[in-house]
Amino acid sequence: RKEVEQDPGPFNVPEGATVAFNCTYSNSASQSFFWYRQDCRKEPKLLMSVYSSGNEDGRFTAQLNRASQYISLLIRDSKLSDSATYLCVVNDRPHAGNMLTFGGGTRLMVKP
Amino acid sequence: DVKVTQSSRYLVKRTGEKVFLECVQDMDHENMFWYRQDPGLGLRLIYFSYDVKMKEKGDIPEGYSVSREKKERFSLILESASTNQTSMYLCASSLIWVGWGDNQPQHFGDGTRLSIL
Numbered sequence: 011r012k013e014v015e016q017d018p019g020p021f022n023v024p025e026g027a028t029v030a031f032n033c034t035y036s037n038s039a040s041q042s043f044f045w046y047r048q049d050c051r052k053e054p055k056l057l058m059s060v061y062s063s064g065n066e067d068g069r070f071t072a073q074l075n076r077a078s079q080y081i082s083l084l085i086r087d088s089k090l091s092d093s094a095t096y097l098c099v100v101n102d103r104p105h106a107g108n109m110l111t112f113g114g115g116t117r118l119m120v121k122p
Numbered sequence: 004d005v006k007v008t009q010s011s012r013y014l015v016k017r018t019g020e021k022v023f024l025e026c027v028q029d030m031d032h033e034n035m036f037w038y039r040q041d042p043g044l045g046l047r048l049i050y051f052s053y054d055v056k057m058k059e060k061g062d063i064p065e066g067y068s069v070s071r072e073k074k075e076r077f078s079l080i081l082e083s084a085s086t087n088q089t090s091m092y093l094c095a096s097s098l099i100w101v102g103w104g105d106n107q108p109q110h111f112g113d114g115t116r117l118s119i120l
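These protein sequences, in sequence, are chains L and D.
Add 10 to a position in the first sequence, counting from 1, and you land on the number used in my numbering.
Add 3 to a position in the second sequence, counting from 1, and you land on the number used in my numbering.
Okay, structure coming up:
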């Protein structure tokens, strides 16, 4: 079983749509959580941290459910430029030098 | 902004060569990491370092070594390159994690696409 699991997609959505990704993690002792975005043949870039109370950044909303051990990312009013792979990332070994575990990514394709 | 710089975007080497990949960060981060990323396998941690001259094995250290002589620089070494080490190599850095509620993301360099022929 993978430590961090995501649906690989692809999610094909029209411009303007709302799309949601979920991610589950296996280690209940995980301490911090992130969503990263990775464009084709580029490096991962931090999209947003995920806090217990949920947090929003413009069109992006992240939620954390510790009891069920899942994280979600909601993208509203999708843009063509949102097309990318979204990586769910968990600090599940916090005492080991801030090692992060990366999910396999969910690919999003926004169509005109 | 955090800047993580990898020495090469593209590199082609031959089997058996010793290969050095260099990474420099300018934010005085304690932690530095080397990953490789392959289709269908995602990001896998090779080695990381939490201080100068300190190193820890990640999930796939075989065939690799690292060096951290200065805080800002973390080098990945392929002692004798093999074709199965053809991959995208990513360096990252972060501050240390200090406790509950502390979110410390990792910041990545542009990556090095290494081909071993």
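Beta carbons are placed, not taken as given, at the ideal position from N, Cα and C, and that holds for glycine.
Values in this document were obtained by computation on a predicted structure and should not be read as measured data.
Assigned secondary structure, residue i (DSSP; H/G/I helix, E/B strand, else coil)
i              : result
S68 (chain D)  : strand
Q109 (chain D) : coil
Q41 (chain L)  : coil
T18 (chain D)  : coil
S118 (chain D) : strand
S78 (chain D)  : strand
T28 (chain L)  : coil
S91 (chain L)  : helix
N87 (chain D)  : helix
Q48 (chain L)  : strand
S78 (chain L)  : coil
E13 (chain L)  : coil
E53 (chain L)  : coil
M30 (chain D)  : coil
For residue i, the first and last residue of its enclosing beta strand (DSSP E)
i              : result
P24 (chain L)  : 21-24
D41 (chain D)  : 34-41
R103 (chain L) : 94-103
S97 (chain D)  : 90-97
S52 (chain D)  : 45-54
Y61 (chain L)  : Unbroken run through Y61 (chain L): none, as it is neither H nor E.
E59 (chain D)  : 57-60
R117 (chain L) : 116-121
V7 (chain D)   : 7-9
Buried versus exposed, by CB contacts within 10 Å (16 or more), residue i
i              : result
D92 (chain L)  : buried
S62 (chain L)  : exposed
T28 (chain L)  : exposed
C98 (chain L)  : buried
R12 (chain D)  : exposed
E82 (chain D)  : exposed
S68 (chain D)  : exposed
F43 (chain L)  : buried
P104 (chain L) : buried
Query raised in the report: So does the stretch 5-17 of chain D actually touch the stretch 47-54 of chain D, counting three or more Cβ pairs closer than 8 Å?
Result: no
Query - Residues, ordered as in the chain, of the stretch 95-107 of chain D that lie near chain L by beta-carbon distance below 9 Å - result: So the close ones are A95, S97, L98, I99, W100, G102, W103, G104, D105, N106, Q107.
Requested in this report: Compile a chain-ordered list of the residues in the stretch 81-113 of chain L whose CB is closer than 9 Å to at least one CB of chain D.
Outcome: The residues in question are L97, V99, N101, P104, H105, A106, G107, N108, M109, L110, T111, F112, G113.
Query raised in the report: Contact between the stretch 24-32 of chain D and the stretch 68-85 of chain D: three or more CB pairs below 8 Å?
Result: Yes, the stretch 24-32 of chain D is in contact with the stretch 68-85 of chain D.
Query - At least three beta-carbon pairs within less than 8 Å, the stretch 15-24 of chain L to the stretch 37-53 of chain L - result: no
Requested in this report: Using a Cβ-Cβ cut-off of less than 7 Å, list which residues of the stretch 34-48 of chain D approach chain L; keep chain order.
Outcome: N34, G45, L46, L48
Query raised in the report: Any chance the stretch 109-117 of chain D sits against the stretch 61-75 of chain L, with 3 or more Cβ pairs inside 8 Å?
Result: no
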